[in-house]
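Okay, so here's the structure we're looking at.
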Amino acid sequence: MQQITALKELLQEPKEILITTHHKPDADALGSSLGLAGYLKKKGHVVTVVTPSDYPDFLNWMNGNNEVITYDPAVNDELVQKLINQANVIFCLDFSSLSRINEMGPYVREAPGTKVLVDHHLEPENFAQICFSDTNAAATAELVFELIRDLGDQSLIDVHIGECLYAGIMTDTGSFRHPSTSRNVHLIIAELLHVGVNTSNIHRLIYDSHTETRLRFLGYVLKDKLTVLREFRTAYIAITADELKKYDSKTGDTEGLVNFALSIEGVVFAALIIDRNNAVKMSFRSVGDFSVNDFARKHFQGGGHRNAAGGISYDSLPETVAKFLKTLPEYKDQLTKDN
Ligand code: 5GP
Ligand code: MN
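Using the numbering used here, you'd call the opening residue of the sequence shown number 15 and step up by one each time.
In structure tokens:
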């Protein structure tokens, strides 16, 4: 409540506002950012959305997408630094630590504007003056909806803003499957339906708009690259840089792959390990009590949520896989206990 009052006060007069979100934005990161941007523009603010990297093409239908500035240190470093420094308010959406916005992190940390964090990841870093962090929220887009509502402006949520928020909630709940799919989530979705959001169209835009090559890549990965370790109730997929190249893999093409590993009966822990050339990126998923947030933090400089987290390794792909395999016995009891 205090935070809402502070935010209301802050947004009383028209402001220059910058919104940013995490590296390789997913639908929640981009949807919550563009949904919030749409609202703030309606309130008369000047709003710029800056992403720390590019994002998948299947998100480019969102309202406001054309005005997003994609940060690239080799291309627009000066411009982005200037925008960050001149903003009166900086919204940080869907990430809990400034390391998640790469080179933009130090700029935001030092910037004179008021920082507002809206996020649902575990263990938020303390860098924002105003903080809406709720680890029980299913999506940052859910929190953005509540923020607008609690500011007394739900009537400003139109179909364009609604579509962005819907995309975030739909994807972060795994299409309303995960335990995070609360009554509150469904009540918000009912409101979004009420303003005219076409839910099945959004589902199709995000999940059914892949290239043929991407589907062939999926076939190859499932047939040849999936390893199941029954003794640890674990499955993983490791992909080399050459394989990505061979299948002309684009940003977003590997999203969701890890869920196939987790969909195997009896498997409670899944990992996707990808050589991105400059680093090895890892995605972790679990069902039940096993915390991939703890696992990623402890071994792979990462974090996230209990059942969905990510991490990074600067060793080679084979070394990273070996390290991953070496950690498993430590967790054998946790992984094999009934849950
Ligand atoms: P994904 O595996 O889809 O990239 O990410 C799963 C979850 O973990 C997301 O909520 C994402 O924001 C978070 N995450 C992914 N990579 C990292 C990372 O390197 N560090 C931290 N702290 N969180 C991450
Ligand atoms: Mn999210």
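Virtual Cβ for every residue (Gly too), placed ideally from N, Cα, C.
Closest Cα partner of residue i within the set the options
i	options	result
Gly-188	Val-335, Thr-350, Val-272, Ile-98	Val-272
Gly-119	Val-64, Ala-151, Leu-170	Val-64
Glu-328	Ala-151, Val-242, Lys-295	Residue identity differs from the one stated: residue 328 is Tyr in this sequence, not Glu. Minimum Cα distance to Tyr-328 is reached at Lys-295.
Gly-325	Ile-288, Lys-351, Asp-262	Ile-288
Pro-332	Ile-253, Val-173, Asn-212, Lys-259	Ile-253
Asn-102	Leu-44, Ile-144, Leu-32, Asn-74	Leu-32
Ala-293	Ala-323, Tyr-180, Thr-334, Asp-148	Thr-334
Arg-230	Phe-309, Gly-182, Tyr-180, Asp-262	Asp-262
Trp-75	Glu-279, Gly-127, His-217, Glu-257	His-217
Leu-232	Glu-269, Ala-255, Thr-128	Glu-269
Phe-105	Ser-194, Gln-143, Asn-116	Gln-143
Ser-46	Ser-194, Phe-159, Arg-244	Phe-159
Thr-149	Leu-349, Pro-343, Asp-167, His-319	His-319
Asn-116	Asp-68, Gln-100, Val-242, Thr-128	Asp-68
Ala-151	His-200, Gln-168, Leu-243, Leu-349	His-200
Asp-242	Ile-202, Tyr-234, Ala-285	Residue identity check: residue 242 is Val in the sequence provided, not Asp. Checking every option, the nearest Cα to that of Val-242 belongs to Ala-285.
Cα-Cα separation between residue i and residue j, rounded to whole angstroms
i	j	result
Asn-198	Asp-186	14 Å
Leu-136	His-192	17 Å
Leu-50	Asp-238	42 Å
Tyr-85	His-37	10 Å
Lys-29	Lys-57	10 Å
Ser-113	Phe-141	12 Å
Ser-277	Phe-283	10 Å
Asp-108	Gly-176	17 Å
Leu-258	Pro-66	22 Å
Ile-171	His-208	10 Å
Asp-214	Ile-98	According to the sequence displayed, residue 214 carries Ser and not Asp. Cα to Cα, Ser-214 sits roughly 37 Å from Ile-98.
Ser-300	Asn-212	31 Å
Ser-297	Asp-91	28 Å
Lys-260	Tyr-180	34 Å
Asp-167	Glu-23	14 Å
Ile-202	Ile-162	12 Å
Asp-133	Pro-39	14 Å
Exposure of residue i, with buried meaning 16 or more beta-carbon neighbours within 10 Å
i	result
Asn-307	buried
Ala-204	exposed
Glu-156	buried
Ala-336	exposed
Asn-80	exposed
Asn-291	exposed
Phe-13	It is not possible to answer for residue 13, since the shown part of the chain is limited to 15 through 353.
Leu-21	buried
Ser-330	exposed
Phe-26	It is worth fixing the name first, because residue 26 is Gln in this sequence and not Phe. Its Cβ having fewer than 16 others within 10 Å, Gln-26 is exposed.
Pro-126	exposed
Met-15	exposed
Val-100	Before going further, note that residue 100 is Gln rather than Val in the sequence given. It is exposed - the Cβ of Gln-100 has fewer than 16 other Cβ atoms within 10 Å.
Residues of its chain near residue i, where Cβ-Cβ distance is below 6 Å and the 5 sequence neighbours each way are ignored
i	result
Val-281	Arg-247, Ala-249
Lys-55	Val-61
Gly-210	Val-173
Ala-255	Asp-289, Asn-291
Ala-43	Thr-35, His-36, Asp-108
Asp-164	Ile-18
Gly-182	Ala-41, Asp-42, Gly-45, Ser-46, Ala-153, Ala-155
Close Cβ partners of residue i (< 7 Å) along its chain, the five nearest in sequence each way excluded
i	result
Phe-72	Leu-219, Ile-220, Ser-223, Gly-266
Lys-346	Phe-246
Leu-341	Before going further, note that residue 341 is Thr rather than Leu in the sequence given. Answer for Thr-341: His-313, listed in chain order.
Leu-131	Cys-106, Pro-138, Ala-142, Cys-145, Phe-146, Ser-147
Val-82	Val-63, Thr-65
Cβ shell of residue i (< 8 Å), same chain only, five flanking positions each side left out
i	result
Leu-236	Phe-274
Gln-95	Tyr-121
Gly-317	Ser-110, Ser-111, His-135, Leu-136, Glu-137, Asn-307, Ala-310, Arg-311, Ala-323, Gly-324, Gly-325
Asn-77	Leu-48, Gly-52, His-174, Ile-175, Glu-177, Cys-178
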